[in-house]
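Chains as they are written, first to last, in this note's numbering: chain V, 1 to 102; chain U, 1001 to 1170; chain W, 2001 to 2639.
Glycine included, each C-beta is placed from N, C-alpha and C at the ideal position.
Reviewing the structure listed below.
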């Protein structure tokens, strides 16, 4: 196990924890938070690889930067949706968002 | 060694910090606790970046995640109070299956990574610093850069439109 | 006068086309014309009849020649090539005369007979369509085109029999005619297939040449002839496919006269006669034809003697006469058979039209038991019908005598004594039932209802004129064309068609004359018996019927043929159809289709819970799928 593998395993664990949160929590805001964790996990993996392997100059780091920016945008819009939805449905429970039930 | 020296103990501390805080986000019963855990987790991630000698990214992490994203989420939490009397169940029905799935995924992917024997390649290099990064951003990656700014603009507008109070209709 | 080839082509083409045009036009504008609707079809058919005479004149003039008119190619399919072509020879000439003249007369007769009918224009349209089909049948130069006409007359037969379709029995009779015909048509079709397969063509000239050259195996040729004969059995109402003809009397009388006496039923005889070059090579088929014909003749005669409906008696007598014709063909008396056909067309048509006149006079009554004493009241009808009856029975010097006698003589000369005996008995029976009809209808006290009796009147001129016109050839035809026997004008005329037929010169004072005297005697004996039974000792028929109940019932009930069909064929077919419907269609097919639909429904129902509407559930599936992918890929890439 070389250091890179350690970092990658850390990223995987973080990712899966975040995945669990996305899949298992009822509060939609907690779901979004878990999503952010997943994104961070990916960022870690990217930066780790960029650190340990040469190849594309600065590729990993720039990628991580962009992910960060887009994560910010996504959270913003997501929260706006949650708030707007809350105004109508008065709930943040994901179980209650089932109007497209077949 | 590329990426600088590896300090195993520091790594373990940072890793533990991040993972514990992540678990806190995912497992807390109260939303606020999850939010605070998340902030701490982000801090931990910033440290991780620092350990990887990606200082700029670490700083950006704190600025963007801890500074902005966390605030947005906190605002959202405050604006969407859970009503009293609502049946409090924090985990939905597929929680157990999700846990199993996540565990399985973690195991499988980790095993794959280790088995694939991904190792360092190349000589000792440092992550790009500010100067290098900026020249990269405005030279090689200028197109994505501009597009991201567009996306941010759209997100801003979208968020404003979505979240404003509805006008009274006569 | 001579017709050029060019003019003849026009004549031959127009003969069927004029009535076809009449049909179309009458259908389109007939309803508006109401009682004038007959003008166009009658005019056109008169023109057609005139052209038939012209064609006949051409044949007279060009003795022995065959006029061929090959028009366009009708069907091509690979090696199968059929052309629309007409041919006119002696046989065609005779048929054209019969069909054209009698057809024309029936049209005129119908003007009077159908006057009150609401479907007036429709009737004439159908009549014209029928004439078209019949002309095609007679003029065709290949089996397929003939079959077109064949089917066409079958269709028109159905349309006209079921003309008064609101009446249940009429529509059923029409269907019966069509279906029974169909059975015959099936045989015809098979025969055609066989002929085509063995000779590669359906044109008469082609097929006959192949047969003459010996290109067709003997067994195959026999089969072809037998199958074609099956078609004739259906169309010409021979046993066992005769059952439709008596029921066909549900149609208006002009229809019976035209289709079931003079034209359509002759199609079978014509077809066999036309196929002479084929039949000549197969003894077996000829034997079958003769036996079927003879049996049918006596069978029908046995039934006719107990029937009470005036039209039924004549219908059965038609079946019997057709049997005679086939008997003639089978016995090798080809010319005699056609001669009889020729004469029969006239006197049978006359008999039907006369019966129509009687029914008209009796305000629609058809039961002879309610008639009587009409002799003085409707003289024109009476005298013409008498002529017809005498011709039918075969009394000298009327037409029927010469023709019938020739046929009977031929069977004797060939040594078929059994057939000869059967023929003689049939002559006796024919005379009996025919004059039974006459005596019951025209002599004695009227047994009619009071109201009916008051209305008895002679038919209008438009109806009686055709009767008189038909009576003339019925009376004189034999003398004109049939003498001397075996050597008369008609024999010379048809000689080119039936070239191989041997005929010994007729001896007036020898065997020929003796047989002739014998058949005449038998016929007169029959007339006398009828006179005794129905004029003198009228209680006898009743007593005879009581003494022989079995025979009487069998005869009265048409030998239970319809019942035989009902039990033998219809019940099992209906049972099969019902089974197919209840089991195969409802259970199996509907079951399968509905079952399939239910299956999908079930699928949908089972799969429905998957759509919970909750994103997290979907995310779970995505994640799980991704995991599977990762594992699989790791496995694949690892190895």
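Asked	Found
Best match in W:2328, W:2541, W:2273 for proximity to residue 2296 of chain W [C-alpha to C-alpha]	W:2328
Through-space distance from residue 1145 of chain U to residue 2631 of chain W, alpha-carbon basis	35 Å
CA-to-CA distance, residue 1018 of chain U to residue 7 of chain V, given in whole angstroms	12 Å
Check whether residue 2188 of chain W and residue 2230 of chain W have beta carbons under 8 Å apart	yes
Within 8 Å of chain V by C-beta, residues of the region 2605-2621 of chain W in sequence order	2608, 2610, 2611, 2612, 2613, 2614, 2615, 2616, 2619, 2620
Neighbouring residues, chain W, relative to residue 1094 of chain U (Cβ below 8 Å)	2616, 2617, 2620
Element boundaries [beta strand (DSSP E), containing residue 2538 of chain W]	Run containing residue 2538 of chain W: none; DSSP gives neither H nor E here.
Alpha-carbon spacing of residue 2489 of chain W relative to residue 2392 of chain W, whole angstroms	21 Å
Sequence ranges, alpha helix (DSSP H) only - wholly within the region 2579-2617 of chain W, length at least 4	2591-2607
Close beta carbons around residue 2545 of chain W, own chain, < 7 Å, minus the five adjacent residues each side	2552
DSSP three-state assignment for residue 2073 of chain W, whether helix, strand or coil	strand
Given residue 2636 of chain W as reference, the closest of U:1158, U:1112, U:1136 once Cα atoms are compared	U:1112
Within-8 Å CB hit, residue 2623 of chain W to chain B	Note that chain B does not occur in the displayed structure, where the protein chains are V, U and W.
Reduced DSSP category for residue 98 of chain V - H, G, I as helix; E, B as strand; rest coil	coil
Own chain partners of residue 2334 of chain W with C-beta closer than 7 Å, once the 5 adjacent residues on each side are dropped	2273, 2276, 2498, 2501
According to DSSP, residues forming a beta bridge with residue 2081 of chain W	W:2076
Segment contact flag, the region 2524-2543 of chain W with the region 2423-2441 of chain W, C-beta cutoff 8 Å, min 3 pairs	yes
Environment of residue 2101 of chain W [buried if 16+ CB atoms lie within 10 Å]	buried
Supposed close pair residue 2099 of chain W, residue 2135 of chain W - CB separation, criterion 8 Å	7 Å
Residue 2245 of chain W - DSSP class collapsed to helix/strand/coil	helix
Residue-level contact to chain V via CB, residue 1057 of chain U, 8 Å cutoff	yes
Cutoff 8 Å: residue 99 of chain V Cβ touching any chain U Cβ	no
Residue closest to residue 63 of chain V, alpha-carbon to alpha-carbon, out of V:35, V:10, V:43	V:43
Residues near residue 2255 of chain W by beta carbon distance below 6 Å, same chain, minus five either side	2160
Residues that residue 58 of chain V contacts on chain U, provided the C-beta gap is smaller than 7 Å	1128, 1132, 1133, 1136
Per-residue burial, residue 2569 of chain W [other beta carbons within 10 Å of its own, 16 or more giving buried]	exposed
Through-space distance from residue 2519 of chain W to residue 2396 of chain W, alpha-carbon basis	10 Å
Beta-carbon proximity list for residue 60 of chain V, same chain, < 7 Å, skipping 5 on both sides	46, 47, 49, 50
Secondary structure of residue 2172 of chain W, DSSP reduced to three states	helix
DSSP state of residue 2266 of chain W mapped onto helix, strand, coil	helix
Residues from the region 1103-1121 of chain U in contact with chain W, defined by Cβ distance under 9 Å	1104, 1105, 1108, 1109, 1111, 1112, 1115, 1116
Cut-off 8 Å between Cβ atoms - residues of its own chain near residue 2111 of chain W, not counting five sequence neighbours on either side	2038, 2042, 2462
Residue nearest to residue 2011 of chain W in terms of C-alpha spacing, selected from W:2082, W:2031, W:2081, W:2096	W:2096
Distance between residue 2034 of chain W and residue 2430 of chain W (C-alpha atoms, nearest Å)	42 Å
Same chain only: Cβ atoms within 6 Å of residue 2001 of chain W, ignoring 5 sequence neighbours per side	Confidence in residue 2001 of chain W is poor, its pLDDT being 49 and thus under 50, which makes the residue's placement unreliable; the coordinate value appears in the next sentence. Excluding sequence neighbours, residue 2001 of chain W sits near nothing in its chain.
Exposure label - residue 2133 of chain W; buried when at least 16 CB within 10 Å	buried
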